[in-house]
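Top to bottom, those sequences are chains A and B.
Quick note: the first sequence, position 24, residue 58 per this note's numbering, numbers continuous.
Quick note: the second sequence, position 124, residue 158 per this note's numbering, numbers continuous.
Structure record follows, encoded as structure tokens.
2 protein chains.
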Amino acid sequence: MRDLFITPQPELLSSWLQAVPKAKRITGLNEITSTQQETICWVHIDIAGQKPLADILPAILKHAPSTKIIVLANAPSQSEAFYALGLGAQGYCHAFSPSKVLKEIKTVVTHGGIWVGSDFLKQLIHATTNLAGNKTHQVSILLAKLTKREQQVAIEAAKGLSNKEIARILNITDRTVKAHLSSAFETLGAKDRLHLALMLNDNSLK
Amino acid sequence: MRDLFITPQPELLSSWLQAVPKAKRITGLNEITSTQQETICWVHIDIAGQKPLADILPAILKHAPSTKIIVLANAPSQSEAFYALGLGAQGYCHAFSPSKVLKEIKTVVTHGGIWVGSDFLKQLIHATTNLAGNKTHQVSILLAKLTKREQQVAIEAAKGLSNKEIARILNITDRTVKAHLSSAFETLGAKDRLHLALMLNDNSLK
DNA sequence: GCGCACATTGTCCATCAGTACAATATATTT
DNA sequence: AAATATATTGTACTGATGGACAATGTGCGC
Chain A
35 MRDLFITPQP ELLSSWLQAV PKAKRITGLN EITSTQQETI CWVHIDIAGQ
85 KPLADILPAI LKHAPSTKII VLANAPSQSE AFYALGLGAQ GYCHAFSPSK
135 VLKEIKTVVT HGGIWVGSDF LKQLIHATTN LAGNKTHQVS ILLAKLTKRE
185 QQVAIEAAKG LSNKEIARIL NITDRTVKAH LSSAFETLGA KDRLHLALML
235 NDNSLK
Chain B
35 MRDLFITPQP ELLSSWLQAV PKAKRITGLN EITSTQQETI CWVHIDIAGQ
85 KPLADILPAI LKHAPSTKII VLANAPSQSE AFYALGLGAQ GYCHAFSPSK
135 VLKEIKTVVT HGGIWVGSDF LKQLIHATTN LAGNKTHQVS ILLAKLTKRE
185 QQVAIEAAKG LSNKEIARIL NITDRTVKAH LSSAFETLGA KDRLHLALML
235 NDNSLK
């Protein structure tokens, strides 16, 4: 196990050294020589913005793909956490986290896990629950209230198609489309097709 | 540390016991007496469907809120994983996972982490990147193309408001609202307000 | 000062959307 | 067999929508 710290600060924080006694500070990525031993790269970000992350993380992974990366942020933010994980980081936490937390993070990451703050986690689960879980589920519940034909019409309408276009697709009159749509509005409590589109496409971020 | 297994299939216990030698199988939730020691509850789900999870997990957490829950699924699915995590589980994996993996999961969870499969994780990060990262970003890019007033009008229109309602909110004529909207359509390449609403609310799942 | 982008409003008009009132046909349930 | 739910289409009407053509005022940079 090898722990490398990349930080713009001249010295490692004491809490880091407490958590990782054998920590080594490096200045350039070329010091990440590829070895057999597992490597954890602690990347310290002291300024906001995603440019450094976007450069550093891919560079590290290019050097040594199996490297575990933990991002230490001076000013942590949800969006940056998303960003870091999206770039391949295994952990994202406050740079001033107590050594106890850092140790836990190291343990988790070493064992193939991902470590993120609980707030972030809540947010993540909430967002994704709304997205892939409930969302589709909720939409299914709504659609289930409609008849088969009403569903087809509603779905097409929710895509933004006009009544005429829907009529052509389903091979019926646009008058019939109106009938089904009106019925769908009534059943689902939508005031118009835009409202219905919002319900069916849903937008968890409102 | 106390490990409790809830399973309808005792046959699998042997492989689990390899990973967690001191594990104990329980049949009813009332056996989860609240103690000082940390408890991991391994919940085995052998049939598809979310009803059992929706019953069991909250019940466990009601008994002993600090319990860590790991769900073992005979037929794992992304949606069920989402569901389990949303209900408060700390881990979700295949019921036939090798003991080595189970050990890792235990380590991760014990240290306050969340364990999910790598496929799930990829999906999660992809979804959330699209959701909270790029999505908002994309929308920002779209909105940035509009003038301040056009943005305001477009945003309200995307919520489903009529021109009159928007006019009232912004304290302008509905004719002006039309003007800004028309301009926004032109700029963003939207054919009508529904199209614009879909663009701005976005629907990463289409 | 002049041009330009932006905001505001007007009239006119063609089209679309949604509802009201109504009728017919088919399938399923009781 | 009667009733009910579903699918289909019609006419007529109202209101919303979006574009065409046009004008006025304001602020900002060259």
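Note that CB positions come from ideal geometry on N, CA and C, so glycine has one too.
Since the model is a prediction, treat every value here as computed from it, not as a measurement.
Item, Value
"CB contact check: A/A231 to chain B, cutoff 9 Å", "yes"
"Where B/E138 meets chain A, residues with beta-carbon distance less than 8 Å", "H145, G146, G147"
"Local conformation of B/I206 per DSSP, three classes", "coil"
"Residue range of the unbroken alpha helix (DSSP H) whose run includes A/V135", "133–144"
"Residue-chain proximity (B/K193, chain A), Cβ-Cβ < 9 Å", "yes"
"Spatial distance of B/P86 from B/S48 (CA atoms)", "23 Å"
"Closest Cα partner of B/G179 within the set B/L106, B/A53, B/L38, B/E220", "Rather than Gly, the amino acid found at residue 179 of chain B in this sequence is Lys. For the residues B/L106, B/A53, B/L38, B/E220, the minimum Cα distance to B/K179 belongs to B/E220."
"B/G83, buried or exposed, once every other Cβ within 10 Å from all chains shown has been counted against 16", "Note on B/G83: pLDDT 49, under 50, position unreliable in the model; the coordinate value appears next. Exposed, by the Cβ-count rule."
"Burial state of A/K96, where buried means 16 or more other Cβ atoms lie within 10 Å", "exposed"
"Closer than 8 Å at the beta carbon, the chain B residues around A/V142", "T141, V142, H145, G146, G147"
"Minimum Cβ-Cβ distance from A/K225 to chain B less than 9 Å", "yes"
"Terminal residues of the alpha helix (DSSP H) in which B/W50 lies", "47–53"
"Rounded separation between B/N108 and B/C127 - CA only", "9 Å"
"Separation of A/R202 from B/L234, as counted between CA atoms", "27 Å"
"Terminal residues of the alpha helix (DSSP H) in which A/A188 lies", "182–192"
"Where A/N197 meets chain B, residues with beta-carbon distance less than 9 Å", "Chain B residues near A/N197: none, gap ~12 Å exceeds 9 Å."
"Exposure of A/I60, with buried meaning 16 or more beta-carbon neighbours within 10 Å", "exposed"
"Member of A/P99, A/P92, A/A129, A/K212 whose CA lies at the smallest distance from the CA of A/V105", "A/A129"
"Buried versus exposed, by CB contacts within 10 Å (16 or more), A/K102", "buried"
"Three-way DSSP call (helix, strand, coil) for B/A231 in this model", "helix"
"Neighbour flag for A/L228 against chain B, beta carbons, 9 Å", "yes"
"Sequence-distant residues of the same chain with beta carbon closer than 7 Å to A/Q185, five excluded per side", "L177"
"Same chain, Cβ closer than 6 Å to B/R36, five either side skipped, listed in chain order", "Q71, T73"
"Three-state secondary structure assigned by DSSP to B/D37", "strand"
"Proximal residues of chain B, C-beta to C-beta of A/N64 below 8 Å", "Per Cβ cutoff of 8 Å: no residues; A/N64 is ~28 Å from chain B at best."
"Local conformation of B/K102 per DSSP, three classes", "strand"
"Reference A/A123, options A/K134, A/V135, A/D89, closest by Cα", "A/D89"
"Rounded straight-line distance, which links the Cα of A/G120 to that of A/S113", "10 Å"
"Inter-residue spacing [alpha-carbon to alpha-carbon] between A/S196 and A/T210", "13 Å"
"Residue interval of the alpha helix (DSSP H) (run including A/G62)", "Note, A/G62: premise wrong, no alpha helix (DSSP H); not H, not E."
"Beta-carbon separation (whole angstroms), A/V54 vs A/K134, contact threshold 8 Å", "In fact, because the Cβ distance is near 12 Å, the residues do not count as touching under 8 Å."
"Residues, ordered as in the chain, of the segment 103–114 of chain B that lie near chain A by beta-carbon distance below 8 Å", "Q112, S113"
"Contact with chain A by B/N205, beta-carbon distance below 9 Å", "no"
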